[in-house]
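Participant: Can you keep this structure in mind? I'll have questions shortly.
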Amino acid sequence: MKHWLNRVAPSRTRVRKHKQLRVFGKRLHDPGLWHFNRRSVAGACALGLFVMYLPPLGQMLIAAAGAIALRVNLPISVALVWISNPVTIPPMYYFTYLVGSWLLDMPTQTLGGEYWLEWYNWLDILAPLTVGGLVCGAVCAVLGYAMVRIIWRWDLVCRMRRRQTRYPAVASEINTPSSRHQT
Numbered sequence: 001m002k003h004w005l006n007r008v009a010p011s012r013t014r015v016r017k018h019k020q021l022r023v024f025g026k027r028l029h030d031p032g033l034w035h036f037n038r039r040s041v042a043g044a045c046a047l048g049l050f051v052m053y054l055p056p057l058g059q060m061l062i063a064a065a066g067a068i069a070l071r072v073n074l075p076i077s078v079a080l081v082w083i084s085n086p087v088t089i090p091p092m093y094y095f096t097y098l099v100g101s102w103l104l105d106m107p108t109q110t111l112g113g114e115y116w117l118e119w120y121n122w123l124d125i126l127a128p129l130t131v132g133g134l135v136c137g138a139v140c141a142v143l144g145y146a147m148v149r150i151i152w153r154w155d156l157v158c159r160m161r162r163r164q165t166r167y168p169a170v171a172s173e174i175n176t177p178s179s180r181h182q183t
């Protein structure tokens, strides 16, 4: 998994040269932001999945600032906010609106094309959209964190089993009770 992440992640120089991320300056040189380990990747997934449910203005900056503050993988946290893009935002935000309306016990409104043309209509959906976005973001963050940890652990166990079948003499020596007590 680690090797695949290294192949698909953008390079340090590419991220450092990005217009919106230049604001962080030398903080982008922290090596902890570029590690692909279980903790860093799981935290970056949680952060990116949470931020993608925030309003679409400044999501990359929020994800980058969060990655720097939490010292999790920067490229992954920034890349995951792009799940919310012009194609996915309407269904995502409508779902968050429905969740927020349900949680706040508010009636839902039909949101046709003409609805969006009047600015005061936005005030009616702001509270349910915000609450729904925070709840959906938190749920996705927890699920993303757990899934990365589970998949990473599963990958590690599979690699250890392959190694044991590849080198059976070493595996049997490690697993014998007498070898554990020797100094």
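Take the sequence shown: its letter number 167 is residue 167 in our numbering, and every next letter is one higher.
C-beta: ideal position from N, C-alpha, C; glycine also.
Keep in mind the model is a prediction, meaning the values are calculated, not measured.
1) Quick one: is ILE150 buried, meaning 16 or more other Cβ sit within 10 Å of its Cβ, or exposed?
2) Rank ASN85, VAL148 and ALA146 by C-alpha distance to the C-alpha of LEU57 and give the top, closest one.
3) Taking the straight line between their C-alpha atoms, what separation do you get for ARG161 and GLY137?
4) Relative to the C-alpha of PRO31, which residue among GLY133, VAL131 and LEU74 is closest?
5) Return the Cβ separation of LEU49 and CYS140 in integer angstroms, given the expectation that the two are a contact with Cβ distance under 8 Å.
6) For a quick check, are the C-beta atoms of VAL81 and ALA63 less than 7 Å apart?
7) Measuring only between beta-carbons, confirm whether TRP102 sits less than 7 Å from chain C.
8) Using only the alpha-carbon positions, how far apart do TRP34 and VAL72 sit?
9) Kindly indicate which three-state DSSP category PHE50 falls into: helix, strand or coil?
10) How is GLN164 classed by DSSP in three states: helix, strand or coil?
11) Answer yes or no: do GLY197 and THR88 have a C-beta to C-beta separation smaller than 7 Å?
12) Give every residue of the same chain whose Cβ lies closer than 6 Å to the Cβ of SER77, excluding the five residues on either side of it in the sequence, and list them in chain order.
13) Between the alpha carbons of TRP152 and PRO107, how many angstroms are there, rounded?
Facilitator: Working from what's here:
1) Residue environment: ILE150 is assigned as exposed (fewer than 16 neighbouring CB atoms within 10 Å of its CB, all protein chains considered).
2) It is ASN85.
3) Whole-angstrom Cα-Cα distance: 36 Å.
4) Nearest of GLY133, VAL131 and LEU74 to PRO31, Cα basis: LEU74.
5) Yes, LEU49 and CYS140 are in contact; Cβ-Cβ is about 4 Å, under 8 Å.
6) Using a Cβ distance threshold of 7 Å, VAL81 and ALA63 count as a contacting pair.
7) This model lacks chain C altogether; it includes just one protein chain.
8) A straight-line Cα-Cα distance of about 8 Å links TRP34 and VAL72.
9) Note: PHE50 maps to helix in three-state DSSP.
10) Under the three-state reduction of DSSP, GLN164 is assigned to helix.
11) Examination of residue 197 is not possible in this model, given that the chain is present from 1 through 183 alone.
12) Closer than 6 Å at the Cβ level, and outside the excluded window around SER77, lie ALA44, LEU47, GLY48, ALA63 and ALA67.
13) Cα-Cα distance, rounded: 42 Å.
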